[in-house]
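Those sequence lines, one after another, are chains P and B. To convert, take the position in the first sequence, counting from 1, and add 1206; that gives the numbering used here. To convert, take the position in the second sequence, counting from 1, and add 61; that gives the numbering used here. Built from N, CA and C at the ideal position, the CB exists for glycine as well. In this text the structure is predicted, and so the values were computed from the model without any measurement. Only one structure is covered here, and it is reproduced in the block below.
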Amino acid sequence: MLSGLSELGQAYLSILNVYSLAYGLGGALLGIIVGCLPGLSATLCIALLTTLTIKMAPNDAILILICSYVGTLYGGSRTAILLNIPGTAANAASCADGHALALRGEAGRAIGIATSGAFSGTLFGVLCLAAFTPLLAEVSLSFGAYEFFWLALLGVAMSGSIVGNDPLKGWLMGTLGLFVAQIGQEGLYAHDRFTFGWSQLSGGISLIPALVGAFGFAEVLTTLADPVERQMVEMRDSVLPRFREVAQYWRTVLRSGVIGVLTGLMPGVGEDAGAWMSYAAAKAVSKERDQFGKGSIDGLMAAETGDMSSIPGHIIPALALGIPGSAPSAVLMAAMIIHGIQPGPMLMIEHPQFIYDVVAMTSLATVSILVFGLFLIKPLLLVLRIKRTVLMPIIFLLCTVGAFASASRLFDIYCMLAIGIGAFFLRRRGYQMAPFVLGLVLGGLLDKSLRRGLVLSDGSLKPFFTRPISIGFATVTILILLLYIPAFKSLVTAVTGAVSKQVRRLTSRHA
Amino acid sequence: MSSPEQAAPASSPGEPEALASLRGDFLSALGWMGLGIAILIGSVTMDRLESQDINPYTIPGLLPGLLGIAMTILGALLGLRSWRPHLLAAGNRAPVDRAELKRLLLVLGLCLAFGVGLVGHGLPFWLAAAIFVTVAILALQYQQRKSAGESLNLRRLVTTAAIGLGAGAVITLVFQEIFLVRLP
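Listed below in structure tokens is the structure:
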């Protein structure tokens, strides 16, 4: 306990220098600008910055990436409020109430509430990150091949069923991602799989070019195929954060913070789930629920707190288990690996200080968004006035550089183009990219864990279903898949309904 | 989580869009099943490294084969869910927005010309980038200019070229000179 506090103190001291503060503020500023631009996601921002910071010292690079991650999600609320278009998927829940406030001439107030909600949410998440990551990392040391097999499968299954509105399409994308991860030399015997004798494919499909294609190039195509320019609401009132309203809605802030962190802990769920679940929970208990969707401060506060607190929540399993909670945290994890830090159970043994460094970095990111929320909101909004016919070709240039820079291979540019075109058409047919990304990240772990597990058990599947932690993960994974069957879903609904009725009856009798 | 009923659009004779969507899902289901079967065949025929005397439970094609099976089953479920009588009739095709298709082909053409043709074939990156950005802005704004009845004047051309050169120069400077990242 005391050694943890001392390491945390050291981590905070290590970022209190001019360079680290400049990197952190710069990363957050870039993130806010990218978040303000509709369609450009946190995933793309982190992927591009990973290539930009590839030659930097590991901690400086990760600091920039974390601050840009937090900044992008914070910046996305600007467009949700002023244009009624979520800057990132996570800000969709802020659109209804934020834009309604803006239409009433209270755009500045809405932005101020978003800033205070984002600050409080991230701060709450940072506390959970500091408290729970070392604990989870300790627990994960007892995980073996069987547990990691189920955890990888659980991530893809959960991401497929929660992201988007069609689990079947989500699982298909997850399976595709898992398959794409198998292309190239496999980990045990260096045997080429699905390379068709093409040496370029032996190295596999790299994560960064794939992500830049799926989230960058596909977005360029989507944006330019639709010529409609949205009208921005003018902002006349003050944008100062409203901490009086944080105090007034403290229950919403606390509830949304807890929900955000918990959704963040679930593998592959994404920040938007944190925002939507917090919004739904706030609507269910709020005194002003009739105002939800029409400019409710409670609703906007819940959505912003929920999505921002899920960021540290997503970093927790990425660090402790090596299982990312969302697409942006998957890129963050890949960046850590590029810089020689392998997230997962061995992190507490190989780089024990790093977890505390990440806590300090996320704290700096939290302060950064408050600084920019106080001083730079109006100038930052100028970026929204750039025409998309000017902006998108430049974004495509960055995509090309981002795809090439990590390995200096032209092949990666071709991969980015192919994946981007595929993603564009798949997205139009209702397929989501997040399960694909999770599959791509977890494919290697799934393959290794399955084969290692089978060797250890001499071909028996029994340990996959009988070890205590394995059986827990297996049950949840199978339940997620079975819930797609209507008959099973109605049975579960009936059983849970009956149980909750009994519990309510018992509690009312006691009362 | 949505149930199959929620996910599948309802189909009735008055809903051509829903039928077009189901038709799209059905055709993509055939694609998924085809890919799944191809992966399965590729995995079954993959070298089992018997000459290296490896543990038979660690053959390289094990997981890809299972993924091929999963993809085929999921594709079949999608196909079953979207199947309706006369689904493949020509009348159920989604209407094509010609203007959107034209724009899409233009963007694709520009991006592919840059990514495959211009980059990495001897031209300095800043120059390739400047040419791409200038041509892309001019081409993408052509339709807007046409509908507004404006013609391309020298001032607009110079401004666009300046944006292109600026983008190429700044990206080269920041990535190559400041952050020491190699450019294509």
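- Ranking P:Leu1644, P:Pro1244 and P:Arg1634 by CA distance to the CA of alanine 1358 of chain P puts P:Leu1644 first.
- If only complete runs of 4 or more residues are kept, the stretch 1625-1674 of chain P shows the alpha helix (DSSP H) at 1640-1662 and 1668-1672, in order along the chain.
- Arginine 1457 of chain P carries a helical assignment under DSSP once its states are collapsed to helix, strand and coil.
- In this structure alanine 1420 of chain P is in contact with methionine 1639 of chain P, their Cβ atoms being roughly 5 angstroms apart against a cut-off of 8 angstroms.
- Under the three-state reduction of DSSP, glycine 1703 of chain P is assigned to helix.
- Per the C-alpha coordinates, the member of P:Asp1504, P:Leu1427, P:Thr1469 and P:Glu1494 positioned closest to threonine 1458 of chain P is P:Asp1504.
- For alanine 1263 of chain P, no Cβ of chain B is located within less than 7 angstroms of the residue's own Cβ.
- In the displayed model, glycine 1281 of chain P falls within a helix according to three-state DSSP.
- Apart from the 5 residues on each side of it in sequence, alanine 1296 of chain P sits with its Cβ closer than 6 angstroms to the Cβ of Leu1279, Glu1477, Asp1478, Ala1481 and Asp1513 in its chain, given in chain order.
- Contact between the stretch 1328-1348 of chain P and the stretch 1557-1572 of chain P is present, with at least three C-beta pairs closer than 8 angstroms.
- Under the DSSP definition of a beta bridge, glycine 1390 of chain P partners with P:Arg1399.
- It is roughly 13 angstroms from the alpha-carbon of alanine 190 of chain B to the alpha-carbon of valine 177 of chain B.
- Around the beta carbon of leucine 91 of chain B, a 10 Å sphere encloses fewer than 16 other beta carbons of the protein chains shown; the residue is thus reported as exposed.
- Closest option to leucine 1417 of chain P, judged by alpha-carbon separation, among P:Gly1241, P:Leu1250 and P:Ala1286: P:Leu1250.
- Per DSSP, threonine 119 of chain B lies in no alpha helix (DSSP H) segment and is marked neither H nor E.
- Taking a Cβ-Cβ cut-off of 7 angstroms, the neighbours of leucine 1652 of chain P in chain B comprise Leu124, given in sequence order.
- The DSSP-derived three-state label of tryptophan 1404 of chain P is coil.
- Within the stretch 1397-1429 of chain P, contact with chain B at the beta-carbon level (separation under 8 angstroms) is assigned to His1397, Arg1399, Phe1400, Phe1423, Val1426 and Leu1427.
- Its chain contains Leu1269 and Ile1272 as the residues whose beta carbon lies nearer than 6 angstroms to that of methionine 1567 of chain P, once the 5 sequence neighbours on both sides are disregarded; these appear in chain order.
- For the pair phenylalanine 1670 of chain P and alanine 1351 of chain P, the Cα-to-Cα distance works out to about 9 angstroms.
- Contact between the stretch 140-152 of chain B and the stretch 1398-1406 of chain P is absent: fewer than 3 CB-CB pairs across the two stretches fall below 8 angstroms.
- At least one C-beta of chain P is nearer than 7 angstroms to the C-beta of proline 245 of chain B.
- Using beta-carbon distances, proline 1599 of chain P counts as an interface residue toward chain B, with a partner under 7 angstroms.
- Threonine 220 of chain B counts as exposed, since fewer than 16 other beta carbons sit within 10 angstroms of its beta carbon.
- Under the three-state reduction of DSSP, tryptophan 144 of chain B is assigned to coil, being neither helix nor strand.
- Residues of chain P with a Cβ closer than 7 angstroms to the Cβ of leucine 110 of chain B are, in chain order, Tyr1395 and His1397.
- DSSP, read as helix, strand or coil, puts histidine 1305 of chain P in helix.
- Cβ neighbours of tryptophan 144 of chain B within its own chain (closer than 7 angstroms, five residues either side excluded): Phe87.
- Interface criterion not met: the Cβ of tryptophan 144 of chain B is under 7 angstroms from no Cβ in chain P.
- Residue state for valine 1475 of chain P is assigned as coil, using DSSP reduced to three classes.
- Looking from the CA of leucine 139 of chain B, the closest CA among B:Glu211, B:Ala200 and B:Gly85 belongs to B:Gly85.
- Cysteine 1605 of chain P and serine 1612 of chain P have their C-alpha atoms roughly 12 angstroms apart.
- Counted as a single uninterrupted DSSP element, the alpha helix (DSSP H) harbouring methionine 1542 of chain P occupies residues 1533-1544.
- Alanine 1416 of chain P: member of the alpha helix (DSSP H) spanning 1413-1417, first to last residue.
- The beta carbon of phenylalanine 1354 of chain P sits closer than 7 angstroms to the beta carbons of Leu1651 and Ser1655 from its chain, once the five residues preceding and following it are set aside; these are given in chain order.
- Pairing alanine 155 of chain B with alanine 81 of chain B gives a Cβ-Cβ distance under 7 angstroms.
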